[in-house]
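To start, the structure under review is shown below, and the notes come after it.
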Amino acid sequence: MDKKACLLLHGFGGSTFELKGLQSALEKAGFKTRLPLLPGHNTSLEDFSRSRYQDWYAEAEKNLLELKKDHQKIFVLGFSMGGSLTLDLALKHSFTAMILIAAPVFLTRIFPPLASDYRLFFVPVLKYLKPLYPTGNPHPQSRQIAPWQGYEGYTALKPLHSFLKNLKRIKKNLKQVKTPFLAIYAPTDKTVPLENAFYLLKKTSSPLKELTLLQITENITSNHLLPTHQETKAKVEKKVLDFFSSF
5 MDKKACLLLH GFGGSTFELK GLQSALEKAG FKTRLPLLPG HNTSLEDFSR
55 SRYQDWYAEA EKNLLELKKD HQKIFVLGFS MGGSLTLDLA LKHSFTAMIL
105 IAAPVFLTRI FPPLASDYRL FFVPVLKYLK PLYPTGNPHP QSRQIAPWQG
155 YEGYTALKPL HSFLKNLKRI KKNLKQVKTP FLAIYAPTDK TVPLENAFYL
205 LKKTSSPLKE LTLLQITENI TSNHLLPTHQ ETKAKVEKKV LDFFSSF
């Protein structure tokens, strides 16, 4: 039986590309890894529009259970929505430790008011009016600074709504999370508010909770793609290896 393995989970509308660098670093450090492509991703917007949170969770859970058959120590790392999935797995399954990178447990808040995008409040209605919502294209330099592969130009609102609904459930049950974790966030992240990091520290029951804040100086990108961003990639890799290797 191999000693240690790591499941890596990518973000909403993205692809395994986000975490390929971390996967390679973990494998070089002796970890067996799995980096599944979540259903509906990296195919077509039509496929993505038909996928739901339950599909992504089922794929993540299947891979976790398969790793647990053959390994003594199991680690899970999730970026963005992948971090939310990681928390959800921790509500039901035990594993050694987890790393949450720019992971949301909420994207909007009524009081005190908070929203990374005010349109998120209207997704339950907008998903019927405009299932594929145009988002525009990123700055021409953004993909040089923070490489990414996924759906651009449109957001599929029905999958997004299913994600937002499950975030509420995860947030409500955070006290049941008892897995040691490292959380990595950027204070200037325009996609996932920093308040998520402090909420996790306060509400979870994990015996070990660590928080790393990474500063980003440029203001071209959303400052969200920490695993691939040229200012944070190496720092994230070091933090991940140091944290998981401590167990």
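If you read the sequence shown in the numbering used here, its first letter stands for residue 5, the second for the next number, and so on.
Glycine is no exception: its CB is placed at the ideal position from the N, C-alpha and C atoms.
All values reported here derive from a predicted model rather than from experimental measurement.
- Contact between I188 and I78 does not hold, since their C-beta atoms are separated by about 19 Å, which reaches or exceeds 8 Å.
- Annotation for L218: no alpha helix (DSSP H) segment contains it, and DSSP assigns it neither H nor E.
- Within 10 angstroms of the beta-carbon of A94 lie 16 or more other beta-carbons, which makes it buried.
- Distance from the Cα of S19 is smallest, within the candidate group L49, G34, A33 and I149, for L49.
- Just so you know, the alpha carbons of S210 and T139 end up roughly 37 Å apart.
- Separation of the CB atoms of T208 and A101 is rounded to 13 Å, and the pair is thereby denied contact status at 8 Å.
- Taking a C-beta distance under 9 Å as the contact criterion, H143 and T47 do not qualify as a contact pair.
- If you draw a straight line from the Cα of L89 to the Cα of T236, it comes to about 22 Å.
- In this structure, DSSP gives A187 an extended state, which the three-state scheme calls strand.
- Secondary structure of G140 (DSSP, three-state): strand.
- In summary, L69 is exposed, with fewer than 16 beta-carbon neighbours lying within 10 Å of its beta-carbon over all protein chains present.
- Distances from the CA of F247 to each of G154, P43, V80 and S84 were compared; the closest alpha carbon is that of V80.
- Closest option to A64, judged by alpha-carbon separation, among F83, Q76 and S53: F83.
- D92 and T221 have their alpha carbons spaced roughly 32 Å apart.
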